[in-house]
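Peer 1:
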Amino acid sequence: MLTELKAGPRVVGAKQTRRALADGRAVRVFLAEDADPGVTDPVEVLCAEHGVPVERISATELGQACGIAVGAAVAALVR
1 MLTELKAGPR VVGAKQTRRA LADGRAVRVF LAEDADPGVT DPVEVLCAEH GVPVERISAT
61 ELGQACGIAV GAAVAALVR
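Under this note's numbering, the first residue of the sequence shown carries the number 1, and numbering increases by one thereafter.
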């Protein structure tokens, strides 16, 4: 799934991901398992409400997949 995130349209960050979920654009959400639960838990709840699958990986892997030099807590594959 990380290859899809690397190549496909995506948003990075909790705020952008919440917006994509609200707009119905999020296809799959990636949460960093080592990120602050205060950031990731509300996004996970929204995913459950909208029926969007969640994958957990490390923040470092998520940041690399998104093409940024630092770790990321939340990202989403969007349509």
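Just so you know, even glycine gets a beta-carbon here, dropped at the ideal spot from N, CA and C.
Computed from a predicted model, the values in this text were never measured in an experiment.
(1) Would residue 60 be called buried (16 or more neighbouring beta carbons within 10 Å of its own) or exposed?
(2) With residue 57 and residue 33 assumed to form a contact (beta carbons below 8 Å), what rounded beta-carbon distance in angstroms separates them?
(3) If you run the structure through DSSP and keep just helix, strand and coil, what is residue 54?
(4) How many Å lie between residue 78 and residue 31 at the Cα?
(5) Could you tell me the alpha carbon to alpha carbon distance between residue 72 and residue 46, rounded to whole angstroms?
Peer 2: Looking at the coordinates:
(1) exposed
(2) 7 Å
(3) strand
(4) 15 Å
(5) 18 Å
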